[in-house]
Each structure stands twice: as C-alpha cells, then as structure tokens.
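Accompanying notes for the structure given below.
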Amino acid sequence: MATRVGVITFPGSLDDRDAQRAVRIAGAEPVALWHGSHDLEGVDALILPGGFSYGDYLRCGAIASLSPIMTEVVAAANSGMPVLGICNGFQMLTEAHLLEGGLIRNDHGSFICRDQVLRVENTDTSWTRDFEAGENITIPLKNGEGGFIASDETLDRLEGEGRVVFRYVDVNPNGSLRDIAGISNERGNVVGLMPHPEHAVEPGFGPDTDVAMRSGVDGLAFFTSVIERTLASV
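Going by numbering that gives the first Met the number 0, the residue at position 7 of the sequence shown is 6; the numbering climbs one at a time, nothing skipped.
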C-alpha cells in the first residue's frame with residue numbers, strides 16, 4: 000500500500016498543488032485536506048504548504064495556526080506523525096508551538112526569490128534520511144518574512160541538540176539568525192524550512208545545475224525520505 004501524505008489547503012495557499020505533485024512523483028499518494036475539517040483521512044504524514052494563508056494578516060501563519068484542522072495536526076505531530084512545514088507552513092508550525100522560534104520580515108525589507116544553496120545539518124529526521132550529512136543542496140526560496148529568530152538560549156539549545164536541520168550557504172537571504180534555514184522538534188518528526196523543496200523534484204522544472212538548466216531535483220529526497228520513514232514504521 001502506498002504511503003498517503005496529506006497536503007492541507009488554507010485560504011491563500013499557493014503551493015499545495017505543487018506539494019501534491021511532489022508527493023506523487025516520489026511514489027506516494029497525495030491526499031488533499033481542507034483547513035476547515037477535523038478529518039486527516041488516515042494519512043501517514045502531513046505537509047503544510049507555502050503561500051499567504053489568510054493574506055498574512057496579523058502575523059504570517061498566525062490565523063492559519065488556529066484553523067480547525069490544526070487541532071488534529073498538533074495531536075498527530077505529538078503522537079509522532081511526520082509533519083513538514085514549507086515557508087508559510089513553517090510559520091504556522093512556529094505559531095502553533097510545534098517548532099520553536101519565529102519568522103520575521105526579511106532584514107532587507109524586500110521579498111526575495113532565488114535558488115538557494117543549503118547545507119544539510121541533520122539527517123536523522125523523518126524528512127531528511129535520504130540526504131548526506133554536510134551535503135549542499137539547491138532549493139528555490141521565495142519569501143518576504145523568512146528571517147528566523149529565537150532567543151540566544153533557544154538557539155544554543157537547537158544547536159546543541161542537533162535540531163538545526165538546514166543552514167544557508169554562501170549568502171543569508173533574509174537575516175535568519177545563525178544562518179538557520181530549517182529546524183526540527185526534539186523527536187525529529189516535525190520539520191520546518193523556508194525554501195521550497197516541492198519546486199525541485201522534476202527535471203526541466205527545478206534549479207539550474209552544472210549538468211543542465213532547470214535540472215535540479217534536490218528537493219525530491221524530502222518526499223522519498225518520509226516514504227521510507229513511514230514504511231519502516233509499519
């Protein structure tokens with residue numbers, strides 16, 4: 000039986016269909032879920048996609064974190080289900096207190112869109128087991144409020160516990176403290192990052208590489224990783 004990965008659509012989601020396609024390309028079954036529902040439909044993993052949920056009013060992800068389905072997401076995450084928050088989804092996870100810290104306006108004050116090099120710092124999470132520790136990958140980035148912040152105490156704890164999952168390389172695009180691009184919870188089943196792996200899963204549509212234009216598929220390992228994780232737990 001194929002791994003079933005739920006992708007939640009919120010008002011203002013932009014990348015939910017892209018995330019569903021990435022799941023399908025990786026070999027799993029995408030399941031479209033609605034923010035107003037309390038039914039996770041028996042999925043094995045969850046993705047909170049990028050976009051501008053509720054128009055980014057109040058704070059990015061703040062209103063979405065109070066959506067009815069987030070009650071089920073929090074319970075599922077706390078029970079060990081793999082949950083991935085991408086960009087706006089990362090913001091939701093911090094607002095729902097499933098991940099520590101927060102995301103604020105980019106330090107240069109502008110929206111940024113670029114292919115971003117990341118260093119993989121932790122391969123022990125549900126979403127990173129198909130990467131190599133220390134590996135550099137290239138993933139598209141697009142955000143206006145992607146600056147990761149936390150107290151020095153929290154940052155030290157994240158570093159000390161190995162919960163910094165990805166770090167920006169070559170350039171820090173948004174002023175994130177300690178170049179942090181993504182983190183996990185203590186258990187490693189919940190991961191949030193600002194770049195968009197779902198946009199780097201199919202040759203011809205990903206970042207440029209030395210091999211060919213738009214041939215980058217570094218994001219695919221996120222989705223194959225969670226398939227392996229869920230199959231291993233059966």
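Using N, Cα and C, we set each Cβ at its ideal position, and we do this for glycine too. As the structure is a computational prediction, the values presented were derived from the model and not from experiment.
1) From E28, G143, H96, pick the residue whose C-alpha is nearest to that of S175; which is it?
2) Please name the residue, chosen from V210, G205, R23, that lies closest to D252 on a Cα-to-Cα basis.
3) What is the residue span of the beta strand (DSSP E) that G5 lies within?
4) V225 to D106, Cα distance in whole Å?
5) Say whether the region 77 to 84 touches the region 187 to 195, bearing in mind that this needs 3 or more beta-carbon pairs closer than 8 angstroms, one atom from each stretch.
6) For K141, which residues from the same chain have a beta carbon less than 6 angstroms from its beta carbon, with the 5 sequence-adjacent residues on both sides left out?
7) Taking 8 angstroms as the threshold (C-beta atoms), are P67 and V6 in contact?
8) Please look up how many angstroms separate the CB atoms of S64 and M91, rounded, as I've assumed it's under 8 angstroms.
9) Give the straight-line distance between the Cα atoms of E185 and R162, rounded to the nearest whole angstrom.
So, to answer that:
1) To locate residue 175, count along the sequence shown from 1; it is residue 176. Taking only the C-alpha atoms, the option nearest S175 is G143.
2) Residue numbering for the chain in the displayed model covers 0 to 233; residue 252 lies beyond these limits and cannot be assessed.
3) Taking the sequence shown and counting its residues from 1, one reaches residue 5 at position 6. Element bounds for G5: 3 to 8.
4) One-based indexing of the sequence shown puts residue 225 at position 226. One-based indexing of the sequence shown puts residue 106 at position 107. Going from the Cα of V225 to the Cα of D106 covers about 33 angstroms.
5) yes
6) Numbered from 1 along the sequence shown, position 142 holds the residue referred to as residue 141. Excluding sequence neighbours, K141 sits near C112.
7) Taking the first residue of the sequence shown as position 1, residue 6 is located at position 7. Taking the first residue of the sequence shown as position 1, residue 67 is located at position 68. Not closer than 8 angstroms, so no.
8) As a working mapping, residue 64 is identified with position 65 in the sequence shown. As a working mapping, residue 91 is identified with position 92 in the sequence shown. That pair is a contact at about 5 angstroms.
9) Translated into the one-based positions of the sequence shown, residue 185 becomes position 186. Translated into the one-based positions of the sequence shown, residue 162 becomes position 163. If I take the Cα positions, the gap works out to 7 angstroms.
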